[in-house]
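Notes follow once the structure below has been shown.
2 protein chains.
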Amino acid sequence: MIESTIFMFDAVAFAKAIADETRQKIMAECCCNRLTVSQITPRIGVSQPTVSHHLAILREAGLVIADREGRETYYSLNQERITVCCGRLMAQFAPQQAITQTVTKNLECC
Amino acid sequence: MIESTIFMFDAVAFAKAIADETRQKIMAECCCNRLTVSQITPRIGVSQPTVSHHLAILREAGLVIADREGRETYYSLNQERITVCCGRLMAQFAPQQAITQTVTKNLECC
DNA sequence: TTGACAAATAGATACTTGTCTATATTATGA
DNA sequence: TCATAATATAGACAAGTATCTATTTGTCAA
Chain A
179 MIESTIFMFD AVAFAKAIAD ETRQKIMAEC CCNRLTVSQI TPRIGVSQPT VSHHLAILRE
239 AGLVIADREG RETYYSLNQE RITVCCGRLM AQFAPQQAIT QTVTKNLECC
Chain H
179 MIESTIFMFD AVAFAKAIAD ETRQKIMAEC CCNRLTVSQI TPRIGVSQPT VSHHLAILRE
239 AGLVIADREG RETYYSLNQE RITVCCGRLM AQFAPQQAIT QTVTKNLECC
């Protein structure tokens with residue numbers, strides 16, 4: 179738990195990781211779902227290697243968690259990491275607001 | 179004030195706008211400074227047209243505000259917009275955390 | 001009105017990246 | 001052990017983008 183929240187935050191790397199429509203679709207699918215590559219692929223509309231490729235980018239950025247089970251790998255969104263990254267981004271470019279900002283309630287997604 | 183906070187949030191467009199090192203350098207320079215293109219250029223280490231190009235991208239994304247004064251244009255970071263975008267990003271991909279998240283104090287930057 | 005300065009635009013080029021097909025790797029069950 | 005299924009990797013190609021130089025547009029002051 180401690181280890182999971184301490185990491186070098188690179189705002190450019192974070193932004194690049196999420197700056198793609200296909201990756202954000204994958205992120206949305208994995209938001210509250212543990213899904214395999216085979217399950218994700220038909221929902222996104224690109225080939226299986228393309229999904230694997232994007233999952234690798236998201237994994238390297240720490241934005242998804244991969245759980246191998248036999249010959250399948252389950253992916254899920256690392257929501258804690260995303261929260262922290264968004265918070266640090268905010269703190270980096272808008273610290274005054276960040277101090278008092280309590281994020282608006284939003285209940286869509288999962 | 180009302181108008182400034184109501185806008186269509188496109189998470190991919192926001193991420194693409196900030197997904198570049200040069201643009202983030204410009205954002206950092208404009209963080210609490212009102213600066214002209216001529217003032218920004220030497221601090222960033224790219225040509226004046228390149229700076230203008232990136233400022234146009236940031237302006238279209240609503241992330242900087244341009245104030246023309248005579249033949250100079252002052253740019254400053256739209257921190258309110260950045261706060262809102264980060265909050266919505268968080269709410270989109272990590273709503274549970276977002277509800278309770280109060281961003282950590284951070285006072286670097288300006 | 002003309003010369004000079006600030007910024008934006010146009011066009012060219014190189015680099016990056018997203019996608020595909022083909023193939024390799026890893027694991028399972030017969 | 002071998003065939004099959006799930007995923008990852010390799011390589012090629014096309015599209016996007018960051019940068020530059022050259023030029024244009026807009027503004028001010030002499």
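Going line by line, the protein sequences match chains A and H.
Going by the numbering used here, the first residue of the first sequence is number 179, and it counts up by one from there.
Going by the numbering used here, the first residue of the second sequence is number 179, and it counts up by one from there.
C-beta atoms are modelled at their ideal positions from N, C-alpha and C, and glycine is treated no differently.
Quick caveat: nothing in here was measured; it's all calculated off a predicted structure.
Beta-carbon contacts of residue i that lie in its chain and below 7 Å, excluding the five residues immediately before and after
i	result
M179 (chain A)	Annotation note: pLDDT 46 at M179 (chain A) (below 50); position unreliable, no value reported.
V224 (chain H)	T200
N256 (chain A)	G240, L241, V242, I243
F185 (chain H)	G240
R266 (chain A)	F187
I260 (chain H)	L241
I235 (chain A)	A195, R201
Q270 (chain A)	A189
R221 (chain H)	E207
G248 (chain H)	none
Beta bridge counterpart(s) of residue i as assigned by DSSP
i	result
E250 (chain A)	A:E247
V242 (chain A)	A:L255
Residues near residue i by beta carbon distance below 8 Å, same chain, minus five either side
i	result
T219 (chain H)	S225, Q226, V229
M251 (chain A)	Contrary to the premise, residue 251 (chain A) reads as Thr rather than Met in this sequence. Same-chain partners within the cutoff: T214, V215, A244, D245.
C208 (chain A)	I218, V242, Y253, S254, L255
Q301 (chain A)	For chain A, the structure presents residues 179 to 288; residue 301 (chain A) sits outside this window and is missing.
V190 (chain H)	none
H231 (chain H)	none
E273 (chain A)	Note on residue identity: the sequence assigns Pro, not Glu, to residue 273 (chain A). So no residue of the chain qualifies.
Cβ-based neighbour list, residue i, same chain, cut-off 6 Å, excluding 5 preceding and 5 following
i	result
R212 (chain H)	Y252, S254
F192 (chain H)	C263
R237 (chain A)	A244
M205 (chain H)	L255
D198 (chain H)	none
Range of the contiguous alpha helix (DSSP H) that encloses residue i
i	result
R221 (chain H)	215-222
F192 (chain H)	189-196
M205 (chain H)	199-207
- Item | Against chain A: residues of the region 183-205 of chain H by CB proximity under 8 Å | A189, V190, A193, K194, I196, A197, D198, E199, Q202, M205
- Query: In chain order, what residues of the region 241-260 of chain H put their CB closer than 8 Å to some CB of chain A?
  - Reply: L255, Q257, E258, I260
- Task: Compile a chain-ordered list of the residues in the region 221-242 of chain H whose CB is closer than 7 Å to at least one CB of chain A.
- Result: none
- Message: Short of 7 Å Cβ to Cβ, which residues in the region 206-219 of chain A face chain H?
- Response: C209
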